[in-house]
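Line by line, the protein sequences are chains D and G. Note that UniProt numbering gives residue 287 to position 287 of the first sequence, counting from 1, and the numbers run on in steps of one. Note that UniProt numbering gives residue 427 to position 427 of the second sequence, counting from 1, and the numbers run on in steps of one. Ideal Cβ placement from N, Cα and C applies to all residues, glycine included. Below you'll find the structure, written out as structure tokens, and then a few comments.
2 protein chains.
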Amino acid sequence: METDAGDTTAPATLSPRPPCARISCHKSSNICSRSYFMVVMVFFHIYIINVIALLLYVHYNDGHGGAGPSRDSHRLPAQPEFLRDISLPRIEGIRVGHVQKVSLVTDKVHEMRTLSLKPLLFEIPDFLSEEECRVVMQLAQLKGLMESQLMVQEGQEELVEELNLSPEDIFNLLDINQDGQLQLHEILTHSRVRDGIWLTPENLREIYAGLKADKDGNGLLSLEEFRLLSSDAFQRFLLQQGVKRSQLVRNSRHTWLYQGKGAHRVLQDIKKRVTRLTRLPPALVDLSEPLQVVLYEQGGHYHAHHDSGPVYPETACTHTRLAANTSTPFETSCRYITVLFYLNSVEGGGETAFPVADNRTYDEVSLIQNDVDLLDTRKNCDKSNLRVKPTKGTAVFWYNYLSDGKGWVGEQDEYSLHGGCMVTHGMKWVANKWINIDPDYQRQARYQQLVSQQPEDDDDDDEGLKMSTDPYNSDTHQDL
Amino acid sequence: METDAGDTTAPATLSPRPPCARISCHKSSNICSRSYFMVVMVFFHIYIINVIALLLYVHYNDGHGGAGPSRDSHRLPAQPEFLRDISLPRIEGIRVGHVQKVSLVTDKVHEMRTLSLKPLLFEIPDFLSEEECRVVMQLAQLKGLMESQLMVQEGQEELVEELNLSPEDIFNLLDINQDGQLQLHEILTHSRVRDGIWLTPENLREIYAGLKADKDGNGLLSLEEFRLLSSDAFQRFLLQQGVKRSQLVRNSRHTWLYQGKGAHRVLQDIKKRVTRLTRLPPALVDLSEPLQVVLYEQGGHYHAHHDSGPVYPETACTHTRLAANTSTPFETSCRYITVLFYLNSVEGGGETAFPVADNRTYDEVSLIQNDVDLLDTRKNCDKSNLRVKPTKGTAVFWYNYLSDGKGWVGEQDEYSLHGGCMVTHGMKWVANKWINIDPDYQRQARYQQLVSQQPEDDDDDDEGLKMSTDPYNSDTHQDL
């Protein structure tokens, strides 16, 4: 990994000291005193250069700031460039099964096992104590859990109208292999989720039968057959039939617990421990979403999904959107890291499945083959490459993004696809801590700058970046 | 990646400067002057601590060194512990297909593409110029190429006698699935290579027929059938039949070109470029094997193999063996990195195949399935996960070892398995540069210390570690 050589970070060049000091000193004190003098001189010069550079930098910034409030009002439209002065650490996986010791609390050393490299995924047993698990579950119950369903009315339809696509255009988009017929898996690959309802090959056959869509009964839709369907025919049919909770993308309840100042000690402790675990600047963890506590009852599940979307230039991150002051057509959660805590040991089922972990290739289309949908965590968890058994107190965490190779967030890691398998016996309590970072450094910096301009409060755990105020107030936080 | 925090490397904490200097300065010059003062003070204190620590360290080492020559003579048996003061850089792959720009020569920027993550494998087009390729091939021809065959007489047999294994013991070792029968692939998995001869399932069937070994003709060897064979029956049969070059593990000729002082300018340039490419301390590259130039004629091949063996406590590295001053029963080449240069564009075949690159799992036994031996580069290159086409001037390089997570060499990377596919048209010229590092840091340090005690010569390209003398003299170098 390259160290991020900032403009004035000359001290980085000091770290690999000339080995002379260590090795050849055994040999001759002559060389030693000369090399020692050299090292001191190098230290001294680099130090002086450093101080001068810093002075110049501060002076330069002050010079710009001289205009006062009038400049302030112009700053946002001007959107100054921020120089990147941090390099995000990324924990090494080495190989699947590798165990490294980590120091997260004062009286204990934790073991962290690499579960996969794609995504970069680790497991840490006993991350939370029994007591901490109990407290989190109780706090969530006190606050009250809401249904996690993702019912979105008419979203799909509007998009289609907006893009002004003809049925022929849609047919061509869906027809992946361009054979002039729509196979079941071609429909499902693009529209597995309709208004929060999860379509299976069986559902789709029922819909065909109910709507008499497949006139020739060959299990395929021709363009003629497709043309006769209205764009919302599937949804309307499903809603008429009545939708069961097990047919949803996600069958659970959840709530959000604020972890900032004044929050329960256990919640603040967990946040601090996550900061140590991820080795990220505390401000980044502070500025992230609150802790999400999720309860899956018997029969509960969450089909496989990404916690974050891919980020293109025209995509904004939810957390930096306001600060970025841009109007982008798309928005996604930018969750660099997911930390998932198991708050109880589940009696049956409820594993966290990573269908394509460490696969050689990722191909969205081949996630459904021969009517087996790898994303379906009610049916096909056993076919996932990796499953993590929920054990009380264990934490798993993974990166939803790759590195950009320069110390910042890069592309989305498609292999981070994961889901919650159906709970077959008992209940399943988990908590999620997401760490939000915008892959666009400028937007993240602008956002942090904006937050830091809010009235100052006494920062008790402010170790890295300056800002530590939490924009996700428990009252104003939007459900994600 | 963790930076290697040595005992006095306090400057590392300076790199992520408090963002105050950058961000909040826009806001108020009040805070600024205070924070600026703070930063300068922190700098100053860390600097002072640093200098004191360095002084103490050097003083401490000098104190030990005071005994003079008498201490020197006792050093080797005592084998002092070396403190590790370097962290080996490892280039990030990010994801397959990722391209990063690298600066290797003054007038050009090279593009380096990630070909796989397991092993960590890169391709750099135009690493060598046409002229350089020509010079290397001509130098190799001037020096003369030798057959690369690996015929080792009676090695296997001796080991068996030494271990004093009964036919029953050997049968049980070979019988992987413990069904009391030896399938073809069970024999091949353990003894694909006998005296440098490569066994295929077809060969084995011919041997069974020739020796009338498989009495009941079911294609399997029972314990009774196995007991009737002498331990060298297969080899003797093969040698009687006459062995063709195509039946060898490796069908090529090669030579070694010294790259140290006085060597051809092109060879020295290549060494320097490899040092820049790998970002390793120059001394490590200097102390590695010379450049190996290999010629595969039409029909030539090299079945899939590892360039380095796994390193257990009882295994010594070839390059540090003498210096380590230990008597270990096993020895292996410790080649941290392989850099492979294509010196011509091959007309047909000759790809470098990585049969299991980026496989989810590595399982030696499943390398042969249904009579398809993935290691066989004469037959099954098309079934390899990855094949690199030989293009003049292109270099590929990969790591044969994982990181240990602490900045040094870790376990062997089994996924680095690779071979040269059969050349179907024309000739194939390649060169190999191996970078030798002992996964045991103490042994590597002892070796470098020993080499550095040889009479000093003027080091012209001595940038990193001190030692740059080359123990692989072109005259004394043993063929590997």
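Proximal chain D residues relative to residue 539/G, where beta-carbon distance stays under 7 Å
No answer is possible for residue 539/G: it lies beyond the span of chain G, which begins at 1 and ends at 480.
Helix, strand or coil at residue 499/G [DSSP, three-state]:
Outside the displayed range of chain G (1 to 480) lies residue 499/G, so it cannot be described from this structure.
Verify whether the separation of the beta carbon atoms of Leu340/D and Val396/D is less than 7 Å.
Here residue 340/D corresponds to residue number 340 of the first sequence, with the count starting at 1. Here residue 396/D corresponds to residue number 396 of the first sequence, with the count starting at 1. By the CB criterion at 7 Å, Leu340/D and Val396/D fall inside the cutoff.
Thr328/D: buried (16+ other C-beta within 10 angstroms of its C-beta) or exposed?
Here residue 328/D corresponds to residue number 328 of the first sequence, with the count starting at 1. With fewer than 16 Cβ atoms within 10 Å of its Cβ, Thr328/D is classed as exposed.
Compare the Cα-Cα distances from Pro125/D to each of Val409/D, Ser345/D, Phe330/D, Lys406/D and report the closest residue.
Along the first sequence, read from residue 1 onward, the residue named residue 125/D stands at position 125. Considering only alpha carbons, the answer is Ser345/D.
Where does the unbroken alpha helix (DSSP H) through Tyr208/D begin, and where does it stop?
On the first sequence, residue 208/D is found 208 positions in, with the first residue counted as 1. Here the alpha helix (DSSP H) through Tyr208/D covers 201–211.
Using a Cβ-Cβ cut-off of less than 8 Å, give me the residues of the stretch 395–412 of chain G that come near chain D, in sequence order.
The stretch 395–412 of chain G vs chain D, Cβ under 8 Å: Leu402, Ser403, Asp404, Gly405, Gly410, Glu411.
Would the stretch 347–358 of chain D and the stretch 419–435 of chain D be scored as touching if the rule is three or more Cβ pairs under 8 Å?
Counting Cβ pairs under 8 Å, three or more are found: they touch.
At the level of alpha carbons, what is the spacing between Arg71/G and Ile437/G?
Locating residue 71/G in the second sequence gives position 71, where the first residue counts as 1. Locating residue 437/G in the second sequence gives position 437, where the first residue counts as 1. Residue confidence is low: Arg71/G scores 38 on pLDDT, short of 50, so the model does not pin down where it sits. Its coordinate-derived value is still stated next. Going from the Cα of Arg71/G to the Cα of Ile437/G covers about 27 Å.
Could one say the Cβ of Glu364/G lies closer than 7 Å to chain D's Cβ atoms, at least one of them?
Within the second sequence, the letter at position 364 stands for residue 364/G. Chain D contact via Cβ: absent.
Contact set for Glu168/G: own chain, Cβ-Cβ below 6 Å, skip 5 residues either direction
In the second sequence, residue 168/G corresponds to position 168, counting from 1. Around Glu168/G: no qualifying Cβ.
State buried or exposed for Ile49/D, treating a residue as buried only when at least 16 other CB atoms are found within 10 Å of its CB.
Mapped onto the first sequence, residue 49/D falls at position 49. Flag for Ile49/D reads exposed.
Taking only beta-carbon positions, decide if residue 493/G is within less than 7 Å of chain D.
It is not possible to answer for residue 493/G, since the shown part of chain G is limited to 1 through 480.
Close Cβ partners of Glu347/G (< 6 Å) along its chain, the five nearest in sequence each way excluded:
Position 347 of the second sequence, counted from the first residue, corresponds to residue 347/G. Only His425, Gly426 meet the Cβ criterion.
Please classify Thr9/D: is it buried, with 16 or more other beta-carbons within 10 angstroms of its beta-carbon, or exposed?
Taking the first residue of the first sequence as position 1, residue 9/D is located at position 9. Note that Thr9/D has pLDDT 33, beneath the 50 cutoff, so the model's placement of it is unreliable and no number is given.
Contact under 7 Å by Cβ, residue 484/D with Glu111/D
There is no way to answer for residue 484/D, as the model of chain D reaches only from 1 to 480.
So which residues of chain G does Asp358/D contact, with C-beta pairs closer than 9 Å?
Position 358 of the first sequence, counted from the start, is the residue given in the question as residue 358/D. Lys118, Asp358, Asn359, Arg360, Thr361, listed in chain order.
So, Gln235/G versus Arg192/G, is the Cβ gap smaller than 7 Å?
Position 235 of the second sequence holds residue 235/G. Position 192 of the second sequence holds residue 192/G. No, Cβ-Cβ distance for Gln235/G and Arg192/G is not below 7 Å.
Using CA coordinates, which residue listed in Leu257/G, His303/G, Val430/G is at the minimum distance from residue 486/G?
A query on residue 486/G cannot be resolved here, the shown segment of chain G reaching from 1 to 480 and no further.
Applying the criterion that 16 or more other CB atoms from any shown protein chain within 10 Å of the CB defines a buried residue, is Leu322/G buried or exposed?
Within the second sequence, residue 322/G is the residue found at index 322, counting from 1. Result: exposed.
Threshold first: 3 residues or longer. Then list the beta strand (DSSP E) segments lying entirely within the stretch 76–159 of chain D, N to C.
Listed in chain order, the complete beta strand (DSSP E) runs (minimum 3 residues) inside the stretch 76–159 of chain D are 99–105, 108–116, 121–124.
What's the gap between the Cα of Asp175/G and the Cα of Ser166/G?
Counting from 1 along the second sequence, the entry for residue 175/G is found at position 175. Counting from 1 along the second sequence, the entry for residue 166/G is found at position 166. Looking at the two C-alpha atoms, the distance is approximately 14 Å.
List in chain order: all unbroken alpha helix (DSSP H) runs of 4+ residues lying wholly within the stretch 248–302 of chain G.
265–278, 282–286
Consult DSSP for Ser222/G and reduce its assignment to one of helix, strand or coil.
In the second sequence, the residue the question calls residue 222/G occupies position 222. Three-state result, Ser222/G: strand.
When the distance is taken between beta carbons, is Gly393/D closer than 7 Å to Leu121/D?
The sequence position of residue 121/D within the first sequence is 121, counting from 1. The sequence position of residue 393/D within the first sequence is 393, counting from 1. The answer is no: Cβ separation not under 7 Å.
Just grab the DSSP bridge partners of Asn385/G for me.
To locate residue 385/G, count along the second sequence from 1; it is residue 385. In DSSP, Asn385/G forms no bridge with anything.
Interface partners of Arg113/G on chain D, CB under 8 Å:
By one-based count along the second sequence, residue 113/G stands at place 113. Within chain D, no residue comes near Arg113/G; the closest Cβ sits about 12 Å away, beyond 8 Å.
How far does the beta strand (DSSP E) with Tyr336/G in it reach, from first residue to last?
Taking the second sequence and counting its residues from 1, one reaches residue 336/G at position 336. Per DSSP, Tyr336/G belongs to the beta strand (DSSP E) from 335–342.
Which of the three DSSP states, helix, strand or coil, is assigned to Ala233/G?
Working through the second sequence from its first residue, we reach residue 233/G at position 233. Helix at Ala233/G.
Give every residue of the same chain whose Cβ lies closer than 8 Å to the Cβ of Thr255/D, excluding the five residues on either side of it in the sequence, and list them in chain order.
Counting from 1 along the first sequence, the entry for residue 255/D is found at position 255. Excluding residues within five positions, the ones whose Cβ falls inside 8 Å are Ala140, Lys143, Gly144, Leu145, Met146, Gln292, Val293.
Starting from Val430/D, trace the beta strand (DSSP E) in both directions and tell me its first and last residue.
Translated into positions along the first sequence, residue 430/D becomes position 430. Where Val430/D is concerned, the enclosing beta strand (DSSP E) stretches over 428–436.
So does the stretch 273–284 of chain G actually touch the stretch 376–390 of chain G, counting three or more Cβ pairs closer than 8 Å?
no
Of the residues Ala213/G, Tyr296/G, Phe330/G, Asn251/G, the one placed nearest Pro390/G, counting alpha carbons only:
Against the second sequence, residue 390/G aligns to sequence position 390. Selected option, being the one with the closest Cα: Tyr296/G.
Going along chain G, which residues have a C-beta under 7 Å from Asn385/D?
Indexing the first sequence from 1 puts residue 385/D at position 385. Simply Arg360.
So, is Phe44/G buried or exposed, given that buried needs 16 or more other C-beta atoms within 10 angstroms?
Here residue 44/G is taken as the residue at index 44 of the second sequence, counted from 1. Exposed, because fewer than 16 other Cβ atoms sit within 10 Å of the Cβ of Phe44/G.
How is the beta strand (DSSP E) around Ser403/G delimited, first residue to last?
Taking the first residue of the second sequence as position 1, residue 403/G is located at position 403. Note, Ser403/G: beta strand (DSSP E), 401–403.
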